[in-house]
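Structure, as structure tokens:
Protein chains: 2
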Amino acid sequence: MVEMRQPIAVKAAISLVMEHVEAMKDEKVSLADSYGRILAEDIVSEHAIPPFNRAPYDGFAIRAEDSIAASESNRITFNVVDHIGAGNVTTKVIKAGEAVRIMTGAAMPEGTDAVVMLEQARLSSLADTFTIRKPFLPLENVSLKGEDAKAGTALLKKGEQIHPGTIALLATLGYATVSVACKPRVGIIATGSELLDVAEELTAGKIRNSNGPMIEAQLARLRIPYCSYGKMNDDFKACLNIVKQACMETDCVITTGGVSVGDFDYLPAIYEKLGAKVLFNKVAMRPGSVTTVAILNGKLLFGLSGNPSACYTGFELFVRPALLRMMGSSKPYLRYTKAILQEDFAKPNPFTRFVRSIYQYAGEKATITPAGFNKSNAVTSIAFGNALMVLPGGTRGFSKGDSVDVLVLGTEDGDGEWII
Amino acid sequence: MVEMRQPIAVKAAISLVMEHVEAMKDEKVSLADSYGRILAEDIVSEHAIPPFNRAPYDGFAIRAEDSIAASESNRITFNVVDHIGAGNVTTKVIKAGEAVRIMTGAAMPEGTDAVVMLEQARLSSLADTFTIRKPFLPLENVSLKGEDAKAGTALLKKGEQIHPGTIALLATLGYATVSVACKPRVGIIATGSELLDVAEELTAGKIRNSNGPMIEAQLARLRIPYCSYGKMNDDFKACLNIVKQACMETDCVITTGGVSVGDFDYLPAIYEKLGAKVLFNKVAMRPGSVTTVAILNGKLLFGLSGNPSACYTGFELFVRPALLRMMGSSKPYLRYTKAILQEDFAKPNPFTRFVRSIYQYAGEKATITPAGFNKSNAVTSIAFGNALMVLPGGTRGFSKGDSVDVLVLGTEDGDGEWII
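From first to last, the protein sequence lines stand for chains A and B.
If you're matching positions, the first sequence starts at 1 in this note's numbering and goes up one per residue.
If you're matching positions, the second sequence starts at 1001 in this note's numbering and goes up one per residue.
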């Protein structure tokens, strides 16, 4: 008898995984090493940004009140009493009729409250005086202390991923080190007696292990470290031992293959032997319906399909958000968007389909086109695609021109919710 | 007199930079180290994928011709003569009325040309025979040799960026190593007497160096190595020497600050002293109009603004595509899309504006919202944004509800052309 499994909906499967995520600890890292990490602390500005009033242009700092009477017919003269660039401050206190030649970024001298831009001033030949032909308002051409952020402003939230702009802000605020979530270490085991190493020549009935290197790269994309346990033949004892070892040495274990109901699919028996609790072993999706997730001592064991397209999809839908959530990410899901389908998918499918596709902006609307051969064992379509088109299961097909759901692959930021 | 510079259009400036790019050499790297690299060779499949006919399901391999007469009332019996899993092949040649119990992924035994799925077969109690109730067509339930790609198919092109799907395909084809473009090494020099190190306490007129760490992260995002020469005061001789050193030690030099026409803006004089040819020193864009690019001995020198928002934008618009093109990337530009503006930008600007923004999918159309304080010296908006909204220069403003151009930041793949 073939074992009958009860499929659960993709959304329910993802929720189950996310409910079982255990958070990683925090650590302090240097700002230079923080790119891509998940913030483990809220960031509040300790001081105003900028921290002082400054000149946004090259010109002359004056007291606005001295300029009130200026006009085309009544040019007012200022004496230049000092000359400062950014980073320098004048020790002079500016009096009536005086000005400081000031460069972009320099702090406004005490007493001054407006900047005459160089092109607004007519300089004397010695450049020690200049005249203006219009009045300046108080704070005209001044970049104000705190205009970007006041002291005490909540700026970044725990759970945000650190990107280059975040780093600019952290640097501005003086964070030479920053608290981030520790990265999980992931174990990878490819199972299947058909698997050769990448460098091996093909022999009868064998194919090369593509899932192992692919998952390594999916983790490298997330900058998450891994330990590869290589490929295993379909041997219950040997697989059991390596899964057991990986569970001890890593924070999360991914296996590929061996999760279906075939005669040599040993993962279900291995989970049982280990005492792992299976969260689900069938998902209403294509490819990857055999995707199985179990939990053992708080560690997630992902049993992905051995078929490359299914394996890839299983990683992006289940493993990726789980790992990001382990690090406390507030946006662990693939970025969701919509696009116009470019081909008919006439045949309905009871399961939700995730079609490896090419997402493209063209004209007024984004388009989505299947990336080629569309079977769970396809490998070229993973190479050609940059997105997953999501076609909900049901009784109807889809037509060219339909607006369909799309999950974009390989973006730095994602979505906070699973939308589909 | 203030020096008057002639601004050039953004598109023209980008073209000028791209025309002056010199290609990096190639190198071989192991597949495990190839994620994110740019392919330096075309990839053609040496063999069919899959390399043999195989079973896509668990079941029994039969000769379709033996099943022709099968019906509900005339079940046909097969004798199971062997049992193979993926990776195993049978030595038996299958004769009339015989079948091989076969698991997903296993090669079709010689003589067989159809697979009876387990659920289509009624097994005897010993499982040594089974019956079927319907005929099978030749090649029914068979995954065909070459169905994913035939031998000799051009699969990947020089210039493509290697992502996890690419790696799955390369692994399948036996590429244990792959030719990729060498990475450029980039020098970073932050100039400005106002700059403190990140760990330093604020003092009068000073701010911390945020551009240096930000550019390091922008390069880390591209997985491009850099050498940081720290921050320099506005001192002609010292800056000249460090730029000279960086030019010798790296493939491309980025400076921040010192490119405007202020009294302590020494980069123009440094370019002149070094004999570098200035490609442009003013771009019709906000922020970052002072962005200057020069070339010396085939190396690009990027003089970015010292204002963080301008510096960030200058990197993404000019440095990023140049570095990717140095590596031969066929998609060096930021990913372009459109979205619905969520705020009025009533005031027209003669220059094209690049507004740090939040790009979001919401409902039927993507939206774009300015990420906060919108000045060239802003730092919070870079931290909050995930996209650049592009508002063309001219005489009109923009209104809430307008469809506007968007460049998405931090995506793995980009565009092959500069569209705007």
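We put the CB at the ideal spot given by N, CA and C, even for glycine.
Item: 8 angstroms is my cut-off, CB to CB: does B/MET1214 come that close to chain A?; Value: yes
Item: May I ask you to list, following chain order, the residues of the region 248-267 of chain A that have a beta carbon less than 9 angstroms from some beta carbon of chain B?; Value: GLY257, SER260, VAL261, GLY262, ASP263, PHE264, ASP265
Item: Consider the Cβ of A/ASP424: report whether some Cβ of chain B lies at a distance smaller than 8 angstroms.; Value: In the structure as shown, chain A begins at 1 and stops at 420. Residue 424 of chain A is therefore absent and cannot be evaluated.
Item: Got a sec? Which residues, its chain only, sit under 6 angstroms from A/THR292 by beta carbon, not counting five neighbours each side?; Value: VAL259, ASN281, GLY303
Item: Can you tell which of B/GLY1205, B/TYR1359, B/CYS1252 has its C-alpha closest to the C-alpha of B/PHE1318?; Value: B/CYS1252
Item: With distances taken Cα to Cα, identify the nearest neighbour of A/LYS400 among A/GLY393, A/GLY174, A/ASP344.; Value: A/ASP344
Item: Could you tell me the distance, in whole angstroms, from the CA atom of A/ASN432 to the CA atom of A/LEU156?; Value: Not covered by the structure: residue 432 of chain A. The range shown for chain A is 1 to 420.
Item: Buried or exposed: where does B/GLY1230 fall if 16 or more other Cβ atoms within 10 Å of its Cβ makes it buried?; Value: exposed
Item: For a minimum of 3 consecutive residues, which ranges assigned as the beta strand (DSSP E) are wholly contained in the region 1121-1201 of chain B?; Value: 1129-1132, 1154-1156, 1177-1181, 1186-1191
Item: Taking a contact to mean a Cβ-Cβ separation below 8 angstroms, would you say B/ALA1114 touches B/ASN1141 in this structure?; Value: yes
Item: Where does A/VAL17 fall in DSSP's three states?; Value: helix
Item: Mind checking whether B/LEU1173 and B/GLU1046 have CB atoms under 8 angstroms apart?; Value: yes
Item: Tell me, please, whether the CB atom of B/GLY1314 is closer than 8 angstroms to any CB atom in chain A?; Value: no
Item: Can you pull the chain A residues whose beta carbon is under 7 angstroms from the beta carbon of B/SER1210, in chain order?; Value: ALA168, ALA171, THR172
Item: For chain A, find out if any of its Cβ atoms is closer than 8 angstroms to the Cβ of B/PRO1225; answer yes or no.; Value: no
Item: Quick one: using the 10 Å Cβ neighbour count with 16 as the cut-off for buried, is A/ASN53 buried or exposed?; Value: buried
Item: If you reduce the DSSP assignment to three classes, tell me which class B/MET1285 lands in.; Value: strand
Item: Compute the Euclidean distance between the alpha carbons of A/ILE358 and A/THR166, then round it to the nearest angstrom.; Value: 30 angstroms
Item: Who pairs with B/CYS1227 in a beta bridge, going by DSSP?; Value: B/GLY1187
Item: Run the CB neighbour count on A/ASN169, radius 10 Å, all protein chains shown included, and call it buried at 16 or more, exposed below.; Value: Position check: residue 169 of chain A holds Leu in this sequence, whereas Asn was assumed. It counts as buried.
Item: Please tell me whether B/GLY1205 and A/VAL89 are closer than 8 angstroms, where the distance is taken between their beta carbons.; Value: yes
Item: Name, please, each residue of chain B whose Cβ falls closer than 9 angstroms to the Cβ of A/MET103.; Value: ASP1234, SER1260, GLY1262, ASP1263, PHE1264, ASP1265
Item: Check whether the Cβ of A/LEU126 lies closer than 8 angstroms to any Cβ atom in chain B.; Value: no
Item: Counting C-beta neighbours from all protein chains within 10 Å, is the total for A/THR91 16 or more, i.e. buried, or is it exposed?; Value: exposed
Item: Under a CB-based cut-off of 8 angstroms, is A/LEU195 close to chain B?; Value: yes
Item: Enumerate in chain order the residues of its own chain whose CB-to-CB distance from A/LYS11 is below 8 angstroms, with the five nearest sequence positions on each side excluded.; Value: TRP418, ILE420
Item: Shortest alpha-carbon distance to A/GLY233 belongs to which of A/THR256, A/ARG223, A/GLU249?; Value: The sequence as given places Asn at residue 233 of chain A; Gly does not occur at that position. Of A/THR256, A/ARG223, A/GLU249, the residue nearest in Cα terms is A/THR256.
Item: Tell me which residues of the region 1127-1144 of chain B have at least one Cβ-Cβ distance to chain A shorter than 9 angstroms, keeping chain order.; Value: SER1143
Item: Taking the alpha-carbon positions, what's the B/ALA1149 to B/ILE1062 distance?; Value: 25 angstroms
Item: Just to confirm, are A/ASP263 and B/MET1117 a CB contact at a threshold of 8 angstroms?; Value: no
Item: Could you name the residues of chain A that B/ALA1107 contacts, counting a contact when the two beta carbons are closer than 9 angstroms?; Value: GLU194, ALA204, GLY205, LYS206
Item: How long is the line joining the alpha carbons of A/VAL198 and A/LYS331, rounded to whole angstroms?; Value: 35 angstroms
Item: Secondary structure at B/GLY1258, three-state DSSP: helix, strand or coil?; Value: coil
Item: Which residues share a DSSP beta bridge with A/SER30?; Value: A/THR177
Item: Go ahead and label B/PRO1350 buried or exposed: buried means 16 or more other beta carbons lie within 10 angstroms of its beta carbon, across all protein chains shown.; Value: exposed
Item: Label B/SER1071 either buried or exposed according to how many other C-beta atoms from any shown protein chain fall within 10 Å of its C-beta, with 16 as the threshold for buried.; Value: exposed
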